[in-house]
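**Student:** Quick mapping for you: the protein sequence lines, in order, are chains A and B.
Residues 1 to 538 (the UniProt record's numbering) make up the first sequence, in order.
Residues 1 to 538 (the UniProt record's numbering) make up the second sequence, in order.
Beta carbons: idealized from backbone N, C-alpha and C, even for Gly.
2 protein chains.
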Amino acid sequence: MRRYAADKARRAVAASLRAASRSAGPSPAPAPHPRSPAPVAAMAAALARAMSTASVGTPAVSINTINPKVLKCEYAVRGEIVTHAQNLQQELQKNPESLPFDEILYCNIGNPQSLGQQPVTFFREVLSLCDHPVLLDKSETHALYSSDAIERAWQILDKIPGRATGAYSHSQGIKGLRDEIAAGIAARDGFHASGDNIFLTDGASPAVHMMMQLLISSEKDGILCPIPQYPLYSASIALHGGSLVPYFLDEETGWGLEVDELKKQLEEARSKGITVRALVVINPGNPTGQVLAEENQKKIVEFCKNEGLVLLADEVYQENIYVEDKQFHSFKKIARSMGYTDDDLPLVSFQSVSKGYYGECGKRGGYMEVTGFSPEVREQIYKVASVNLCSNISGQILASLVMNPPKAGDESFESFMAERDGILSSLARRAKALEEAFNSLEGITCNKAEGAMYLFPRLHLPQKAIGAAQAAGTAPDAYYAKHLLEATGILVVPGSGFGQVPGTWHFRCTILPQEDKIPAIISRFKEFHEKFMDEYRD
Amino acid sequence: MRRYAADKARRAVAASLRAASRSAGPSPAPAPHPRSPAPVAAMAAALARAMSTASVGTPAVSINTINPKVLKCEYAVRGEIVTHAQNLQQELQKNPESLPFDEILYCNIGNPQSLGQQPVTFFREVLSLCDHPVLLDKSETHALYSSDAIERAWQILDKIPGRATGAYSHSQGIKGLRDEIAAGIAARDGFHASGDNIFLTDGASPAVHMMMQLLISSEKDGILCPIPQYPLYSASIALHGGSLVPYFLDEETGWGLEVDELKKQLEEARSKGITVRALVVINPGNPTGQVLAEENQKKIVEFCKNEGLVLLADEVYQENIYVEDKQFHSFKKIARSMGYTDDDLPLVSFQSVSKGYYGECGKRGGYMEVTGFSPEVREQIYKVASVNLCSNISGQILASLVMNPPKAGDESFESFMAERDGILSSLARRAKALEEAFNSLEGITCNKAEGAMYLFPRLHLPQKAIGAAQAAGTAPDAYYAKHLLEATGILVVPGSGFGQVPGTWHFRCTILPQEDKIPAIISRFKEFHEKFMDEYRD
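1. Taking CB distances under 8 Å as the criterion, tell me whether Phe498 (chain A) reaches chain B.
2. Report back the beta-carbon spacing between Ser412 (chain B) and Ser98 (chain B) to the nearest angstrom; my notes put them in contact at under 8 Å.
3. For the region 126 to 153 of chain A, enumerate the residues whose C-beta is nearer than 7 Å to any C-beta of chain B, in chain order.
4. Could you have a look at Thr165 (chain A) and say whether DSSP puts it in helix, strand or coil?
5. Touching or not, the region 242 to 250 of chain B and the region 205 to 220 of chain B, by the rule of three or more beta carbon pairs under 8 Å?
6. Which residues in chain A sit within 8 Å of Ala481 (chain B), going by Cβ to Cβ distance?
7. Is the shortest distance between the beta-carbon of Gly203 (chain A) and the beta-carbons of chain B less than 8 Å?
8. Helix, strand or coil: which one does DSSP assign to Phe528 (chain A)?
9. Of the choices A:Leu136, A:Cys446 and A:Asp148, whose alpha-carbon is the least far from that of Asp410 (chain A)?
10. Between Gln463 (chain B) and chain A, is any beta-carbon pair separated by less than 8 Å?
11. Where does residue 539 (chain A) sit, in a helix, a strand or coil, going by DSSP?
12. Output, in sequence order along the chain, the residues in the region 269 to 289 of chain B whose CB is closer than 9 Å to any CB in chain A.
13. Please list, in chain order, all residues of the same chain as Thr371 (chain B) whose beta carbon is under 6 Å from its beta carbon, the five residues on each side excluded.
14. Does any CB atom of chain A fall closer than 8 Å to the CB of residue 541 (chain B)?
15. On the DSSP letters alone, give me the boundaries of the alpha helix (DSSP H) that Leu115 (chain A) sits inside.
16. Decide yes or no for the touch test of the region 385 to 397 of chain A against the region 162 to 173 of chain A: beta carbon pairs closer than 8 Å, at least 3 of them.
17. Quick one: what does DSSP say Phe438 (chain A) is sitting in, helix, strand or coil?
18. At a CB distance below 7 Å, what residues from the region 167 to 180 of chain B approach chain A? Give them in sequence order.
19. Return the bridge partner residues of Cys509 (chain B) from the DSSP annotation.
20. Any idea what DSSP makes of Arg364 (chain A), helix, strand or coil?
21. In chain order, what residues of the same chain lie with their CB nearer than 7 Å to the CB of Phe248 (chain B), ignoring the 5 residues before and after it?
22. Please list, in chain order, all residues of the same chain as Lys94 (chain A) whose beta carbon is under 7 Å from its beta carbon, the five residues on each side excluded.
23. State the Cα-Cα distance for the pair Lys264 (chain A) and Thr288 (chain B), rounded to the nearest angstrom.
24. Using the Cα positions of Asp325 (chain A) and Leu257 (chain A), report the straight-line distance between them to the nearest angstrom.
25. So which residues of chain B does Gln90 (chain A) contact, with C-beta pairs closer than 7 Å?
26. Under a CB-based cut-off of 8 Å, is Gln113 (chain B) close to chain A?
27. Helix, strand or coil, according to DSSP, for Gln86 (chain B) in the structure here?
28. Would you kindly work out how many angstroms separate the C-alpha atoms of Pro100 (chain B) and Leu484 (chain B), rounded to a whole number?
29. Cβ closer than 9 Å: which chain A residues qualify as neighbours of Val387 (chain B)?
30. Tell me where the beta strand (DSSP E) around Thr141 (chain B) begins and ends.
31. Which residues does DSSP list as the beta-bridge partners of Phe350 (chain B)?
32. Taking only beta-carbon positions, decide if Ser391 (chain A) is within less than 8 Å of chain B.
33. With a threshold of 8 Å between beta carbons, is Lys263 (chain A) in contact with chain B?
34. Within this structure, are the beta carbons of Trp154 (chain B) and Asn447 (chain B) separated by less than 8 Å?
35. Check whether the region 125 to 132 of chain B and the region 180 to 198 of chain A touch, using three or more Cβ-Cβ pairs below 8 Å as the test.
36. Would you identify the three-state DSSP class for residue 552 (chain A), choosing helix, strand or coil?
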C-alpha cells in the first residue's frame, strides 16, 4: 500500500508538470533544437537521481542521455490516466470492495472488442482457414466453416506465392491482395485504383509514421494538423522532430474545417520560417466525429494543390457514419471528380481494419493508398517499407476482406449483413444516447457524432473547479477526468491530450461500451457530474 | 521490352553510383549534417528532372525535399538486385523460354516458407483456433485439431482479457503471454526472467528501431556494429540519424569477435567526438553464421559494463545451431552467471518467430527482453511502444508458443519433435553441403555456418574481373552476383550490402532451398563459377 501511495504521489507531481506545460495550448512555434527540449523539471529530477545514486562507472543510459524527441512525444490515449486506471483495476482484483465501482470502463480508446463487440464471423472463418491451410483438404471442415469462407480462403491462398502464409511477402504486401483492395476502392469511389499504389501496413499507425519519416527532416518542416487531433499525429511529428502546425476546428459549427483557418495558420507558420509539407485531415473526425461535406472537401483539395502540400487523409472511420444526411467521400474520389490526376496532387489515404464495423484492432491490418508522388519519391517510400520487411499476413488478408466482404448470393451474405448492420445501427444508437445525456447536463455541451467512434463534449467548468485543478497542479479537464475515473470507473481522455482552443476544456469518450451497459453508464456519469458541479459551484 | 531495357539502364546507372560510394567500405565517420547528405549525383538528377518537367505551382514533395536520412538508408537484402530478380521473374512468367533458367531461387533473405518449408502443425492449429474461438465450443472441432492444440487455445484465450483476440492489447503485449515467454526464457537460461521486461513486437525489426530511436539523438551518437552486419542495423542507424561505429569480425578465425577490436574502434570513435551508446552483437551471426563461445561472451559483457554501453543482443537464431561443439548462450544468462544483476548492465535481447525451426516470417511476431534500464528510461520505451498501440495478437500468441512448445506427454509432442528435428537436421545438412561446394571451387573460401541460416563465402576474384566490374561502375561482388543471377536464377546478396574489410569481396547465400534442390543448385552454381573464372582468369 505504501508503494502504491508513493507511486500515486510521484504521478501527481509528474502530472502537474505536464499539465503546466500543456495548459498553454498547442503552439505553432517550431520545436526547439533537438538537444535542448527535455523539460527542465525532468532534467533536474534526473540529475538529482543521478547524484543520489552512487553509480559505479559511467551509467550506460539515462533519462538525460536518451533521444529528447522521445521525451517530448506524448500519447494521451495510452497516457498517464490510463496507467492510473490499470493500477485501479489491479487494486480491484486484489480488493473488490475497495473502490466505489466493480469494473473499469475503458472509454479511452477505440477498441471495440475489448468492450465485448464480437468479431465478424466470415472474416474470422477465412483467417482461421488461412492459418491452417491443411484444413482445406479435409471433408470435416465443411461441418465447421461456411462454404464461401472455404472458397475465399482458397482464392486468397492462390494469390500468395507458394501458398506460403508464413513467408515474408513483398514489402508493400501480397500483390493479389493489393489488387483486391484496389478493386474495392474503385468500387467505392467510381474511379480507378491500382494495387501498385497500395502499401499494406500493421494498422494505420505505422503508415502515418512512415509518411512523417519521409516528410520531416527537421523542426523547420511543418505538418498542418487539426486541433483537436488524434494524438498519433502530434506524437509522430514529435518523434520525427518536426513542427506541428495547428489549425483549429470550429466547435460552434459542429467542428467545421474552414479553409480560411488553414490559410491563416499556413501563413503564420511560413512567417516563422517553417516549410509546411503536408496537411492532415481526419474524416470522419477523431476525436470530433464530424463528417466533411463534399464542397468542403473540394476546397481542401484545392488548397493543397495551390499551396503545394501533401494531403494526408486519415479515412479509417469511413464505414462509421451515423447520420442520414452525411456520406463518406474519400479525398481521392473528390480530387478525381474535380479532374485532378496523379500529376496534380500527392495524396495518401490511410485505412485500418481496427475501425469500421469490424473493429479488429488486435489484428494490426491496414493500408495506405499512395498517389501523386514522383517515381523517385515512391521508391524511397518503398525502401522505408522494406526495412521492416512486410506487414503481418493475417492483417493483410483481413484488409482485403474488409474491402471485399461477402456479396449477395454468397452463403454468408445474410448473416454477414445482419452482423454488420447490427453493429453499425447499435453504434448509432449509443452515440445518440450518450450525446443526449451529455447535453442534458449543466455545464456540458456536446456536438453530434456524425461518424467515427467518439464524443468530444465540452466542459464549462465553474471557476472554483478550475482553481482546484490549478491548485492540484493539473489541467481542469484532466482534474475532471481523474475524479470521474475514481468515482465511477469510467475512463475518458482529457481534451488537453488532443489539443483544444486555449481556455476551453473537453474530454473524449468512446461510444463503444455494449448497448445494454449504456443506461448504467449514463446514470453513473450523471450522478458524478451533478455532485462535481454541486461541489464546485461558484 | 523497350521499357524493360530503359528500366535496366536506369538501374545500372543508379547501381554504379551506389557502388562507387559503397566500395570505400564502411566508415566510422559521423554522418554528415542531416541537411546535406543526399548523394550529389541523386540531387543533380532530381534537379534535372525538376527542370525538364514544366510543373504548375510549387511541387509538393520531391526527392530533394524529403528527409535526407531516408535517402541515406540502404537495405541490401531487399535492395536493387532483388528488384532485378523480381523483374526477371515477371519476364519468365511472360516468356518462360526467354532466360536460361526456369525459376528464381531466392537465397537473398531468411524466408524459409517462401522456399517450401512447411509450418509447424501444432503452432498453426493453435493460431487457427484462436482466430475463430467459436470452434472451441463445437464437438466437430476434435476431428480436425489435436487435443493439446485445443487445450492450449483455451489456455491462451483465458490469458486474454475478455478472450478478445481482436482487441488492442497492453502495449507491451498480453501480460499472460509475456509471463509464458518469461518462463520459457528462465527455463532456457536457468535464471529468473519477468514478463514485465518483455515487449512483444511485430518481429525483431520494429524492436531494433525502437531501441535505436531511444538511443540516438544525433550523428554524435554511435552504435558499435559488427562488420559484416545484418543491414537492418545500418539502415536503422541511418534512419535515426546516428553513426554506425564498425568493428570487424575476423574471417581468419571463423568470424571471431575480438574485444581488442571493440576497444580500438570505441577509442577511435571517441577521438572523433562520438559518444558510443550501445554495442550490437548478432549471435549466432548474420550473415556470418558463427556461434560465440561462452568465454568470448563474458569478455563482451565485461566490456559493455566497463565502457557504459547498452548491449543489444540479436539472438533471433538461438535455435539454429548446426555443430556439435557449440551451444547457444543468451547474453543475459552469461551476465547473470557472472553475478551481474539488473543494476549492472542495460541489456536487450531480441527474438523473433521468423527464424528458428518455425520460420514464421509472415506472422511478424517477436519480442525484446529489456533489463537493466532505470524506471524512467523504461517508461520512455513503453511510451514509444504505446504510440503504435500494440503488436499483432497472432504474432504475440506465436511468440508464446515458440517459447513454450509441446512437452513430452502431450498428444502433439512426437509429431512436433519430428517436424522440428527434421527441419533443423536438414538445415545442418544443407549448410554443410553448400559450404563444401563453395570451398571446392577455385577462388572461393567459406567459413562453416555454425548457426543461423547463411553462408558468407569470400570471393578471391581475378584482377580482370575486378577491372570489368569497375568498368561497369559496380562493386566486384555486386558484379558477380548480378552475373550469377542472370545465368542461373540464383539470387544472393553482394557482401557490400553487409560491409566487409575493404578490398575483400563476399556474398551472402541462405541455406534455405529445400534439400532435394541443393544438388541442382550446387551444380548450376559450379558451372557458372567455373565459366566466370575462366572468362576472367588473369
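**Tutor:** Looking at the coordinates:
1. no
2. About 46 Å separates the two Cβ atoms, so there is no contact after all.
3. Leu127, Ser128, Asp131, His132, Leu135, Lys138, Glu140, Thr141, Ala143 and Leu144
4. coil
5. Touching, yes.
6. Under the 8 Å cutoff, chain A gives no residues; its nearest Cβ is about 18 Å from Ala481 (chain B).
7. yes
8. Phe528 (chain A) carries a helical assignment under DSSP once its states are collapsed to helix, strand and coil.
9. A:Asp148
10. no
11. It is not possible to answer for residue 539 (chain A), since the shown part of chain A is limited to 1 through 538.
12. Thr275, Arg277 and Ala278
13. Asn197, Asp342 and Leu347
14. One cannot answer for residue 541 (chain B) here, as it falls past the ends of chain B, which runs 1 to 538.
15. Counting along the chain, Leu115 (chain A) falls outside any alpha helix (DSSP H), and DSSP gives it neither H nor E.
16. yes
17. Helix.
18. Ala167, Tyr168, Ser169 and Ser171
19. B:Leu455
20. coil
21. Ile227, Glu261 and Val501
22. none
23. Rounded to whole angstroms, the gap between the alpha carbons of Lys264 (chain A) and Thr288 (chain B) is 57 Å.
24. 18 Å
25. What Gln90 (chain A) touches in chain B, judged by beta-carbon distance under 7 Å, is nothing: the nearest beta carbon there is about 11 Å away.
26. yes
27. helix
28. 11 Å
29. Cys73, Tyr75, Arg78, Ser205, His209, Pro231, Leu232, Ala235, Ser236 and Leu239
30. No beta strand (DSSP E) contains Thr141 (chain B), which DSSP labels as neither H nor E.
31. B:Asp314 and B:Met368
32. The beta carbon of Ser391 (chain A) sits closer than 8 Å to some beta carbon of chain B.
33. no
34. no
35. no
36. Because chain A in this structure spans residues 1 to 538, residue 552 (chain A) falls outside the shown range and cannot be described.
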